[in-house]
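Going down the list, the protein sequences come from chains A, B and C.
Mapping of the first sequence onto the working numbering: residues 1 to 446, in sequence order.
Mapping of the second sequence onto the working numbering: residues 447 to 839, in sequence order.
Mapping of the third sequence onto the working numbering: residues 840 to 1146, in sequence order.
Read the structure below first, then the notes.
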Amino acid sequence: MKPPIDNSTPTPRKGIRRLWHSFRQLFAQTPLLGWLFGFLLASILENLIGYPLARVLGLSKIPVLFGVDIALKTPLLLPATLLYDLIIYIIPLFLTVRYLTPFANRLAAWLLRAPMWVSALIHMALLFLVLYLWTGINDYRVLVAKLMMVSIIITLSLNVVNGYMGEFSCSHPGFIALGAYIASIITVGFFVGGNLKFVILPAYLAPLVFPLALILGGVVAALGALLVAIPSFRTRGDYLAIISLAFMFIVKSMFENLEILGGARGFGDQPNLATLPVVFIWTMLCIWIINNFVQSTMGKALNAVRDNELAADAMTVDTRKTKMVTFLFAAFWAGIAGGLLAHVIRYVNPGTFGLQKLAEVLAMVYFGGLNSVIGSIVGAIGYNLLSEMLRPLELIKWLIIPLLLILVMIFRPTGLIAFREFDLHKILQPKIPAKMEEVENVPPSS
Amino acid sequence: MERKSKYLVISILMICAILLGACGPAAPQTIKIGVNAPITGDIPKVGEGTKFAAEMWAEDINAAGGLEIGGKKYQVELIIEDNESKAESAVAANTKMITQDEVLIIIGPQASKQAVPAGQVANDNKTPMISPWSTNPNTTLNRPWVFRACFLDDFQGPAVANFVTEEFGFTKAAVLYDIASDYPKGLAEFFKKAWEGLHGAGSVVAYESFTTKDTDFSAQLTKIRDSGAEFLFTPQYYNEVALIAQQAHQLGFTGPIVGSDSWGSAELIPLCGEDCYGAFFTTHYAAAGATGATKAFIDAYNAKHGYIPDDVAALTWDAFNLAKKAMEDCGKITGDIAADRACVKDALSKVTGFEGITGTMTFTPGSGDPSKCAVIVKISDKGEFTFYKQSCP
Amino acid sequence: MDTFLQNVVNALQWGSFYALIALGYSMVYGVLMLFNFAHGDIFMVGSYIGFFIATGLIGLSTLGIISLPGWVILILTILIAMILTSFVGMLVERIGYRPLRNAPRASAAITGLMIGIIFETANLYLLGASRRKFPEIIDTSIFQIGNVSLTNTKIFIVIISLLFMLALNQFIQHTKWGMAIRAMAYDFTVVPLMGVPVNTIAALTFGLGSALAAAAGVFYGMAYPVLDPYMGIEYGWKSFVAAILGGRGSVIGTVIAGFLMGFLDIFVATYFPSTMRNLISFSIILVILTFRPHGFFGRAYSAQLRL
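And the structure:
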């Protein structure tokens, strides 16, 4: 496509800006459906010609995370990985966006005539298909995707407390640990045996019992949260920060002392139940439920409590109950995430749930953005991807990630995408451009 | 017009790609070995030792023209991944090396916290893995693909108990260990069991613990001092040993202090100073007065990095040589990675009488744990690790 | 009884570190209502600075270039480390906190956390993975009183720490700057309007807090002479608990809370199975906070605490 010709003598910057503008216009018209089609095409393409293409370009295998790790290890391969990304991801995406947008818009509009959940389910199914095809290339991608989704649940649940409620809670590693251990006790106790053995049930029951185990883990985490909430919410203040910190130390210390669960040796042999679809379904469920929660009356009351507790109280919000319920709700989801995490790694160790984990989850929440579901998703995915991609840098990685976070905090103090509502309808709806813009940006026909 | 030419270019590119790529993989000229090391995180020194030993080994092999397997020479390529001293990260690193880099064998992770979950991945993906340093039984338990290069706690604990009984004739022992770290904890338990087996219940008069990163042991040591224990057994890492020995002496504890293989670091004496002189510990090798291959390794390492290698470096070196032996025993590298991995694993489980720099190792089929001897080292009045005694299973 | 007395001595030394570090947290918290999560790592930096100064001075002395007795080296080490570290603290404030003055409070906590990680990694990167041994500046001598052993370093550490705390209290209570700090702790929305320079006060609190952390770092090096890049993390978080437990903006409360943490650590390990130490000591803190939710000397405050 030629850049549009300007009558006035164009400075290069102006030309680039113009190009960028038309580029954005092009993308602004694409609904989510269009993007999903694009990614679908890219993953199908990768499955079909990814390997031969990589070989041709001199790469030994398909670049696993867009080639960043390869390029960091051997910078000579940078052009090859860029070319690979261009052919497999960027060009198909661009082509789809360019030519399928009208169709995607029409389809999205047509889908929205049915109840919203139909459209949402179809989008989710497409998303899963993309994920499934993309991770089908390599087990490492599966693991990264699973860890990323677990991180989304953790980040979202912490955002409910630290963002929507505006308190500073440090007990999330403790809740994750509770969920991880409880779920593991059930699955190992009923299906594997060993040190801990209840009744060994037939293996085909495991996928049915697993959700129950996760929920029980969540419930126990919520009960733990009650221990923190009762003393903390007697008054307003920063006492939640240290009570929750104390709670985290207590949980870690408790599991270190529980010999039956392996103590410091850790607890392993969890059956492989957290498969990609299972983690995906739980993640979607979590996003849906948490989104509904923060948009409910309860969620609004929560924001009122955060902004001015006295005023909220005066407006008949039961502040204490609101805070308690929210905290328990967040802990429940952290417990679920813990159960999933334990079954993704298939080993838990009290040492995992310490200060290091705390710094990590806090970083994800504030990186993504407070008070925003989308922000949490972006934060979790961004942090995880960055962390995996920069792996070859070893020590330098731990200079780059903190620096990046500091910059984000300085320039966007509430995180990348903060205080934005997650409006399902707005996301799923077709994006038909306004007439004026269309006229302005018609590309000159060749 | 321009649009058309763009399509043309793309389609030509794609066709080329498919045609050329279909040639298939050629037999590899290099052998990839994965290293899963804690380069960042809690124990960077362990990661450094692992990395240095691995790089030294690979340089040696490649300088000699490569690994000779079945009459053919292969260059060695190391894939070093940082596990950040975290379980998730160790799992991710192993998965990446197995599925993405297609390594033939993995050396590491070192600490059990990472080796247990990483071993699961290696076993599930049918890739041989040797952990040089992990002493947790679960690392290799029921995992035919996972091996280790060190002896286990259930051998080392009783070895210490027997040595002290024979050497000093003591009957009252005190133990100080880190409850939050599985290596000291496991060893403390096995020692207690062995000691009480020798001297009857209650002969461990003080059994005290602390948590990782504690630096003040005065409460525990006061208890130990007042319990009437004749000696102190502390299976801790060298940095904690320095503090424990110093504080024990400041609190007036005078008995001997006995330790385990985690003391075996060149850093112990600079950190601990005179407080550690006269102490004993069990380990894999004694650096002072070493001979043969062990001495060659120590000298080479010292020349290159400026300090005597820790036991973790020596064990990593041995793990690499075990891998080398297994590959040579295997006879040939076919290029079919699954078959080669299986071949290496089978060869590993049959290794007998392997002369490592940390002792002679023999694997019994069905178990990934070598049987090897322990060395008891005395720290001399000059701060050297001198050979004192050998203890074999 | 001897055991008890011995442990009181142990706990006094252990508690001094918590108290000194907690004061830094407490002042920043009092003045700016911010958590300075980089503080634990500032303690680490102070300890390393002390290490380099002490090693350098001792090296110069043995070479015969200067001849200084041990106690002069010790005092010089402490003073220089305190001054240099206070600059580090002010730098942290300038880079990580000042741009975020009007941002949500938690964002500044995150920058603090990240600056801490940068300190740790940079240390590892520049100095390598080896741990450092803090040199013995003055010869340790052990006194036995009954069955209680004391060392001269222990006595020195406890006394000098108490002196520092007293000096800080005098400064806060009896100087103009101290009054400004107290005023900020009283109401940090109105006081800046009365002409108190917020930026100067903020830099001052960070500088003072870091200087105390550096003193703690040097003392720590004398008592537990093994330094590693991650030594500040656990301390930092535990002192943070002590700082808030003491009550916002109260020097005496923070000192008491710091010593309480020390006594809890030592005495729980003595009278309970020591494996349960964190479990029991934090449970006790939880109980204290349930009944005294504003800490020991804190007042209920109504200032707007957003995020």
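We put the beta carbon where it would ideally sit given N, CA and C, even for glycine.
- In this structure, the alpha-carbon of residue 362/A lies about 14 angstroms from that of residue 381/A.
- Minimum Cα-Cα distance from residue 498/B among the listed residues 827/B, 830/B, 751/B corresponds to 751/B.
- The stretch 846 to 853 of chain C and the stretch 1068 to 1081 of chain C do not touch, with fewer than three beta-carbon pairs separated by less than 8 angstroms.
- Taking 8 angstroms as the CB threshold, residue 661/B stays off the interface with chain A.
- For residue 347/A, the nearest CB of chain B lies under 8 angstroms from its own CB, placing it at the interface with that chain.
- Classified as exposed, residue 24/A has fewer than 16 neighbouring CB atoms from the shown chains inside 10 Å of its CB.
- Listed in chain order, the alpha helix (DSSP H) elements of length 4 or more contained wholly in the stretch 623 to 690 of chain B are 628 to 645, 664 to 672.
- Residue contact check for residue 560/B against chain C: no CB pair falls below 8 angstroms.
- Annotation: residue 508/B to residue 521/B spans about 6 angstroms, alpha carbon to alpha carbon.
- Across the set 768/B, 836/B, 654/B, 529/B, the C-alpha of 836/B shows the shortest separation from the C-alpha of residue 824/B.
- Closer than 8 angstroms to the CB of residue 479/B there is not a single CB belonging to chain A.
- Residues of chain C whose Cβ lies closer than 7 angstroms to the Cβ of residue 162/A are, in chain order, 945.
- Chain-order list of chain B residues neighbouring residue 47/A: empty, with the shortest C-beta distance near 13 angstroms, by a criterion of under 8 angstroms.
- Within the stretch 1095 to 1120 of chain C, those residues whose Cβ lies closer than 8 angstroms to any Cβ of chain A are, in chain order, 1114, 1115, 1116, 1117, 1118.
- Taking 8 angstroms as the cut-off, the Cβ atoms of residue 1061/C and residue 1040/C do not count as close.
- The closest CA to that of residue 430/A, considering only 150/A, 413/A, 31/A, is found on 31/A.
- Residue 808/B carries a strand assignment under DSSP once its states are collapsed to helix, strand and coil.
- The residue among 248/A, 340/A, 84/A with its C-alpha nearest the C-alpha of residue 52/A is 84/A.
- Rounded to the nearest angstrom, the gap between the Cα atoms of residue 57/A and residue 80/A is 6 angstroms.
- Pairing residue 918/C with residue 907/C gives a Cβ-Cβ distance that is not under 8 angstroms.
- Taken through DSSP and simplified to helix, strand or coil, residue 64/A comes out as coil.
- Around residue 627/B, the beta-carbon contacts reaching into chain A at under 7 angstroms are 264.
- Under the Cβ distance rule, residue 398/A counts among the residues neighbouring chain C, one pair being separated by less than 8 angstroms.
- Residues of chain B with a Cβ closer than 9 angstroms to the Cβ of residue 963/C are, in chain order, 486, 490.
- The beta carbons of residue 638/B and residue 675/B sit about 13 angstroms from each other, so the pair does not count as a contact at 8 angstroms.
- Bounds of the alpha helix (DSSP H) holding residue 960/C are 944 to 966.
- Per DSSP, the continuous beta strand (DSSP E) segment holding residue 480/B begins and ends at 476 to 483.
- Note on geometry: alpha-carbon atoms of residue 966/C and residue 975/C lie some 20 angstroms from one another.
- Here the alpha carbons of residue 1117/C and residue 809/B stand approximately 41 angstroms from one another.
- By the rule that beta-carbons nearer than 8 angstroms mark a contact, residue 135/A does not touch chain B.
- A Cβ-Cβ separation of about 3 angstroms places residue 1097/C in contact with residue 858/C under the 8 angstroms criterion.
- Residues of chain B with a Cβ closer than 9 angstroms to the Cβ of residue 1012/C do not exist; the shortest Cβ-Cβ separation is about 31 angstroms.
- Within the stretch 36 to 70 of chain A, not one residue has a Cβ closer than 9 angstroms to any Cβ of chain C.
- Interface annotation for the stretch 239 to 255 of chain A against chain C: 239, 241, 242, 243, 245, 246, 247, 249, 250, 252, 253, 254, criterion Cβ-Cβ distance under 8 angstroms.
- Annotated as proximal: residue 839/B and residue 601/B, with beta-carbon spacing under 8 angstroms.
- Counting along the chain, residue 801/B sits inside no alpha helix (DSSP H); it lies in the beta strand (DSSP E) bounded by residues 800 to 802.
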